[in-house]
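Residue numbers (this note's numbering): 325 to 620. To start, the structure itself, in structure tokens.
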Ligand code: NDP
């Protein structure tokens with residue numbers, strides 16, 4: 325079997341175009357421009373690239389982008405004061421504090437200081453609770469992107485067996501919760517799971533969010549299953565530094581029915597969903613109708 329490639333890059337371009345159209349209409353009809361504030365503390369090279377990309381994408385869809393770059397030694401009090409200022413700024417509809425924060429800063433404390441209505445990363449404890457109880461929440465961008473691609477592929481997900489490998493707060497757990505909310509039968513696997521291959525073989529939908537290069541192979545994949553590879557890993561191969569997922573693509577694609585590549589799968593959807601969340605937050609803040617197809 326040759327798996328269908330789920331093209332996240334093309335899907336993300338469609339989502340961004342949809343967001344841009346909504347932003348233009350919001351400006352024209354209501355005089356409102358969505359604004360996203362991104363806070364970066366320190367010099368982490370990967371975070372700098374992410375923040376740069378977020379800024380460019382935000383501008384591209386017609387939103388305002390407010391970047392706050394702070395030195396690595398910024399105190400907790402100063403960071404909390406900035407978050408408070410952004411909470412109170414009516415031009416800011418979404419706030420994202422780039423993780424990881426330097427070790428001396430308490431990430432939970434900082435994230436939970438963000439106004440939940442502006443928490444476009446969906447990491448605030450209130451949004452986690454709202455998602456867990458099936459209420460209207462801000463949903464973490466990466467799992468939201470995966471959900472959008474799965475809904476597009478299947479239509480309804482009801483009754484499908486889903487296995488999520490990984491139980492982090494930013495990917496695995498919210499992914500499992502979203503699939504459960506869409507009526508999948510969900511299993512969460514992790515580093516202590518026994519007989520992982522056997523567990524994964526039950527999946528119609530297999531989501532890998534492990535952080536281990538190419539760990540998921542054909543042996544984990546049921547014939548015809550859909551494989552969503554969240555992993556982003558840099559490895560050396562053939563003298564080159566390359567990007568690979570948590571899935572051994574060639575191996576898994578030989579049995580899967582559909583699969584997301586790395587790069588060009590889940591990755592581009594994450595920023596697209598950040599923009600979608602900022603649009604949703606803006607609509608909610610102003611009591612406007614929420615854009616369809618861009619939320620969970
Ligand atoms: P974490 O390190 O926070 O979590 C990894 C999870 O994988 C843990 O729950 C861990 O289990 C589990 N795990 C580790 N080893 C094994 C194993 N051998 N068998 C089964 N489970 C295992 O990672 P994240 O969730 O933050 O990220 C996962 C991946 O997704 C990474 O590659 C990351 O780079 C990528 N990512 C991609 C994004 C995107 O935009 N595409 C966004 C965010 C992340 P345990 O809890 O027991 O330790």
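Note that beta-carbon positions come from the ideal geometry of N, C-alpha and C, so glycine has one too.
Coil, strand or helix - residue i by DSSP
i, result
"residue 471", "helix"
"residue 338", "helix"
"residue 330", "coil"
"residue 592", "helix"
"residue 427", "coil"
"residue 618", "coil"
"residue 612", "coil"
Endpoints, alpha helix (DSSP H) assigned at residue i
i, result
"residue 520", "520-525"
"residue 435", "431-435"
"residue 532", "Per DSSP, residue 532 belongs to no alpha helix (DSSP H); it is in the beta strand (DSSP E), 529-532."
Considering only residues of the segment 343-423, which uninterrupted alpha helix (DSSP H) runs meet the minimum length of 4 residues and lie entirely inside it, listed in chain order?
369-384, 400-411
Please output, in chain order, the residues near the ligand NDP using a CB cut-off of less than 7 Å to any non-hydrogen atom of the ligand.
466, 489, 490, 491, 492, 494, 495, 496, 513, 514, 515, 516, 517, 520, 533, 534, 535, 536, 539, 554, 555, 556, 557, 570, 590, 591, 594
Counting only runs of 3+ residues fully inside the segment 437-516, write out the beta strand (DSSP E) ranges in chain order.
485-489, 509-513
Contact between the segment 424-432 and the segment 390-410 (3+ Cβ pairs under 8 Å):
yes
The segment 332-339 contacting the segment 583-603, beta-carbon criterion three pairs below 8 Å:
yes
Which runs of the beta strand (DSSP E) at least 3 residues long sit entirely within the segment 528-584? Give them in chain order.
529-532, 550-553, 557-561, 564-568
Please determine if the segment 535-548 and the segment 572-585 are in contact, where contact requires at least 3 C-beta pairs separated by less than 8 Å.
yes
Counting beta carbon pairs with one atom in the segment 402-410 and one in the segment 369-381, are three or more of them shorter than 8 Å?
no
Validate contact between the segment 523-532 and the segment 544-553 using beta carbons, cut 8 Å, 3 pairs:
yes
Should the segment 492-499 be regarded as contacting the segment 458-468, the criterion being three or more beta carbon pairs within less than 8 Å?
yes
Using 8 Å as the threshold, is the segment 505-521 in touch with the segment 550-561, meaning 3 or more CB pairs across them?
no
Does the segment 443-451 touch the segment 600-615, meaning 3 or more C-beta pairs lie closer than 8 Å?
yes
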